[in-house]
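In my numbering, the protein residues as written are 4 to 391. Just so it is clear, CB atoms sit at the ideal spot from N, CA and C, and this is done for glycine as well.
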Ligand SMILES: *Cc1c(COP(=O)(O)O)cnc(C)c1O
């Protein structure tokens with residue numbers, strides 16, 4: 004009998020998602036219509052920010068964020084990020100003429116370690132303009148620490164929270180959510196289908212800073228405004244002004260309608276992800292594996308459920324033979340040929356150890372209890388066979 008293949012992530016499209024899209028297809032605005040700001044408002048409310056600017060993908064969101072925060076770009080400037088992330092977290096700085104400096108991850112949460120960052124800042128405080136911590140797998144970064152460093156050294160913070168809508172952490176007795184704009188100047192999220200909310204391609208920047216918000220709106224669409232109140236000179240209803248060099252990073256209404264519909268199930272789906280994590284935590288606890296660590300006061304959003312084992316490659320192959328298709332997150336960015344070519348070989352021991360051992364098990368809201376059990380059983384079978 005054929006067994007159903009399982010993957011590390013999977014989107015979920017409901018019939019109401021389909022009708023929401025069809026409605027826009029039949030409307031007069033496929034793009035630049037009302038669904039964009041409706042989606043921005045709803046997503047900002049979900050994460051607790053004042054503003055949101057939806058764009059074509061999270062790479063565009065990161066690109067615009069770096070540009071908006073570095074208006075007068077010095078001849079050379081550096082930004083610090085984690086090697087354990089998707090390449091675009093680093094690439095966005097290079098897009099803007101800057102350079103990336105990697106700092107190692109914390110060996111328990113696998114997020115950028117503020118202590119390693121501080122070592123760099125202490126050594127060459129003038130070299131850096133900002134930091135991009137990553138909420139790896141959905142575990143919130145230590146944003147209060149990064150915010151403290153940002154104030155001390157005069158830097159900005161972009162939180163790459165692509166994995167973490169719905170994640171939160173506690174600081175001095177208060178709860179803060181990923182993207183709420185409290186400790187980061189700007190926060191980016193992705194709506195790629197493997198992430199929490201799927202629009203096909205899509206992303207957003209959230210912030211509490213009105214000036215940055217207005218700038219991002221302009222930059223998303225060629226630097227053009229059509230608002231008479233914002234023009235230097237107004238000639239009539241047809242008028243528009245290009246005020247800075249922007250891009251076409253718009254997201255169509257078709258996708259925002261899908262995003263809105265998906266967002267209506269976001270809370271529920273986040274709880275389902277957390278239930279899958281609990282089942283794995285329980286089912287795998289006696290095996291020789293390192294399970295995800297959640298810091299005290301933090302709530303994980305479980306974009307990924309990442310285990311670590313010295314037998315990663317064998318386990319990957321074994322699960323694959325059982326139609327369980329896991330993945331490795333990530334190949335450290337500093338080990339990509341492009342980055343070796345640019346900066347030479349560098350070493351970040353925690354990141355490299357993580358890469359050698361990590362494996363992302365199937366994690367998505369529609370993963371049934373039977374399927375969860377199947378994953379747990381096969382991981383157990385693997386270790387039973389190994390121990391003969
Ligand atoms: C997915 C992802 C991105 C890029 O998102 P796109 O929408 O595909 O451009 C950036 N950073 C992280 C951490 C991601 O997981």
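- As the crow flies, the alpha-carbon of residue 244 is around 49 Å from that of residue 298.
- The three-state secondary structure of residue 339, taken from DSSP, is coil.
- In the three-state reduction of the DSSP assignment, residue 382 falls in the helix class, which pools H, G and I.
- Three or more pairs of CB atoms, one per stretch, sit closer than 8 Å, so the region 99 to 110 contacts the region 78 to 87.
- According to the DSSP secondary-structure assignment, residue 180 is paired through a beta bridge with 171.
- In this structure, ligand 1 has no non-hydrogen atom nearer than 7 Å to the beta-carbon of residue 142.
- Between residue 329 and the set 379, 300, 350, the nearest pair of CA atoms involves 379.
- Under the three-pair Cβ rule at 8 Å, the region 250 to 270 does not count as touching the region 152 to 161.
- In this structure, DSSP gives residue 151 a helical state, which the three-state scheme calls helix.
- Fewer than three beta-carbon pairs drawn from the region 335 to 348 and the region 63 to 81 are found closer than 8 Å, and the two stretches are therefore not classed as touching.
- The C-alpha of residue 225 is placed about 9 Å away from the C-alpha of residue 246.
- Considering only 290, 127, 192, 273, the residue with the shortest C-alpha distance to residue 388 is 290.
- Restricting attention to 109, 132, 128, 127, the CA atom closest to the CA of residue 96 is found in 132.
- For residue 257, the enclosing alpha helix (DSSP H) begins and ends at 256 to 266.
- The three-state secondary structure of residue 251, taken from DSSP, is strand.
- Taking residue 300 as reference, the option from 331, 347, 177 with the minimal CA-CA separation is 177.
- Distance from residue 279 to residue 370 at the Cβ level is roughly 5 Å; contact confirmed, criterion being Cβ atoms closer than 8 Å.
- Annotation for residue 361: the continuous beta strand (DSSP E) segment containing it runs 361 to 364.
- Annotation: the continuous alpha helix (DSSP H) that includes residue 270 extends over 269 to 286.
- Three or more beta-carbon pairs separated by less than 8 Å link the region 164 to 176 to the region 267 to 274, which places the two stretches in contact.
- The C-beta distance from residue 208 to residue 228 rounds to 18 Å, too long to meet the 8 Å contact threshold.
- In the DSSP annotation of this structure, the continuous segment of the beta strand (DSSP E) that includes residue 163 starts and ends at 159 to 163.
- Take the alpha-carbon of residue 391 and the one of residue 385: they are about 10 Å apart.
- Boundaries for residue 234: no beta strand (DSSP E) harbours it, and the DSSP string shows neither H nor E there.
- According to DSSP, residue pairing for residue 84 in a beta bridge involves 105, 135.
- In this structure, the alpha-carbon of residue 288 lies about 8 Å from that of residue 294.
- Among the bridge pairs identified by DSSP, residue 330 is matched with 363.
- Within a 10 Å sphere around the beta-carbon of residue 87 sit 16 or more other beta-carbons, which makes this residue buried.
- Selection 110, 219, 162 evaluated against residue 182 yields 162 as nearest (Cα-Cα).
- Shortest gap from the CB of residue 165 to any heavy atom of ligand 1: under 7 Å.
- Restricting attention to 319, 112, 196, the CA atom closest to the CA of residue 61 is found in 196.
- Pairing residue 235 with residue 242, the inter-Cα distance amounts to about 11 Å.
- Under a 10 Å Cβ-count criterion, residue 28 is classified as exposed, with fewer than 16 other Cβ atoms of the shown protein chains found around its own Cβ.
- The continuous alpha helix (DSSP H) containing residue 319 extends over residues 315 to 324.
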